[in-house]
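Residue numbers (our numbering): 865 to 1078.
Each residue gets a CB set at the ideal place from its N, CA and C atoms; glycine is no exception.
Predicted, not measured: the structure shown is a model, and the values here were computed from it.
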């Protein structure tokens, strides 16, 4: 498969009030603001690297996009994004978020540190790995499981999960049931200030699972 070089990959930044987004395509940039009333396009500019910030200057569109690698939460949904974005459009400064939330999940495995508020047994064996934009695998400390997950603008959910059928001591079997039940209840996720992944859900909207990268 052909993959665009890093400086040409698709990227979206967005914000609310007044409802804007910027799509960086391979060769062009499309700017939409004021809930769609304002639309502009420009050639995709080379990125300028500033201290802590990436800058895309588009004088043809009267715009400049600034991206900072700092966690950002969507003001409407609370969804975390990898980057903080600022769009300077004419005389206005519009704040928002940038990047794909899935990038915060996919990659190195997450080791579960808390399950329903308690440290799991044999914690080094309890893990979650987000493999692609829609697949997840992991271990409950007893059996391994695989399944799907859905990440939307509103939150995170896990689909049916299948697991191996190895018998384990009852405490580990109970932990397995608790973990699979918790995953079914997840409705959203967050990244804590210390980098921990928090899977949140249930009637009380509480942290069901907390995990960290080893």
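- Scanning its chain for C-beta atoms nearer than 6 Å, with the 5 sequence neighbours on each side dropped, one finds around residue 943 the residues 965, in chain order.
- Taking each of 923, 917 and 914 in turn and checking the Cα distance to residue 908, the smallest one comes out for 923.
- Under a 10 Å Cβ-count criterion, residue 873 is classified as exposed, with fewer than 16 other Cβ atoms of the shown protein chains found around its own Cβ.
- If you ignore the 5 residues before and after residue 959, its C-beta comes within less than 7 Å of the C-beta of 879 and 950, all in its own chain and listed in chain order.
- The beta carbons of residue 990 and residue 1004 sit about 6 Å from each other, so the pair counts as a contact at 8 Å.
- Note that the C-beta distance between residue 1022 and residue 1013 is below 7 Å.
- Between the alpha carbons of residue 980 and residue 1067 lies a gap of roughly 13 Å.
- With a cutoff of 7 Å on beta-carbon distance, residue 1011 and residue 1000 are scored as near each other.
- Remark: C-beta atoms of residue 876 and residue 887 approach each other more closely than 7 Å.
- In the three-state scheme derived from DSSP, where H, G and I count as helix and E and B as strand, residue 983 is classed as coil.
- Taking the Cβ atoms as the reference, residue 1046 lies roughly 11 Å from residue 1025, outside the contact range of under 8 Å.
- Cβ contact annotation for residue 970 (same chain, cutoff 8 Å, sequence separation greater than five): 994, 995, 996 and 997, in chain order.
- Here DSSP, grouped into helix, strand and coil, assigns residue 1046 to helix.
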